[in-house]
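In this note's numbering, the protein residues as written are 2 to 121.
Accompanying notes for the structure given below.
Shown next, in the form of structure tokens:
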């Protein structure tokens, strides 16, 4: 009984964290879409291009984080939050505290990382 109450409180807290993180990420994404105009000289154009390229990479990362965060919030609503998408086991609460949008347990995440590393 106490474990169920603790789990419910934990999930509520995670939802609040995920919601505020989603708002922060979306705001960051909006900021990356604004490009400064340094001027018209060649050096200034190079700076603008570098900033544009930096922002493209940042936007890609932010889009992935936004997608994962939204996915975690949907899982909370569907009562499937905290289940590993690969092995269907419970994701460790420590992992969820560190990365609330986690969709893999530590073991499956390590296996995925190892496989990706071997391909390189």
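Every residue gets a Cβ at the ideal spot worked out from N, C-alpha and C, and that includes glycine.
Just so it is clear, the structure is predicted and the values come from calculations on it, not from any experiment.
| message | Given this structure, state the Cα-to-Cα distance separating residue 18 from residue 101, to the nearest angstrom. | response | Mapped onto the chain shown, residue 18 falls at position 17. Mapped onto the chain shown, residue 101 falls at position 100. Distance between the alpha carbons of residue 18 and residue 101: 8 Å.
| said: What does DSSP give as the partner residue(s) for residue 91 in the beta ladder? | reply: Counted from its first residue, the chain shown places residue 91 at position 90. Note: residue 91 sits in a beta bridge opposite 84.
| message | Tell me the rounded alpha-carbon separation between residue 78 and residue 43. | response | Position 77 of the chain shown, counting from 1, holds the residue named residue 78. Position 42 of the chain shown, counting from 1, holds the residue named residue 43. Their backbone Cα atoms lie some 52 Å apart in a straight line.
| request: Keeping to the same chain, check which residues put their C-beta closer than 7 Å to that of residue 33; ignore five residues upstream and five downstream. | output: Here residue 33 corresponds to residue number 32 of the chain shown, with the count starting at 1. Within the same chain, residue 33 has close Cβ partners 56, 59, 60 and 63.
| field | Local conformation of residue 3 per DSSP, three classes | value | Taking the first residue of the chain shown as 1, we reach residue 3 at position 2. Reliability fails at residue 3, whose pLDDT of 45 lies under 50, so the model's placement of it is uncertain and no value is given.
| message | I'd like to know whether the C-beta atoms of residue 21 and residue 74 end up nearer to each other than 8 Å. | response | In the chain shown, the residue the question calls residue 21 occupies position 20. In the chain shown, the residue the question calls residue 74 occupies position 73. Taking 8 Å as the Cβ cut-off, residue 21 and residue 74 do not qualify as a contacting pair.
| Residue from 108, 88 and 104 whose Cα sits closest to the Cα of residue 68 | Indexing the chain shown from 1 puts residue 68 at position 67. Considering only alpha carbons, the answer is 104.
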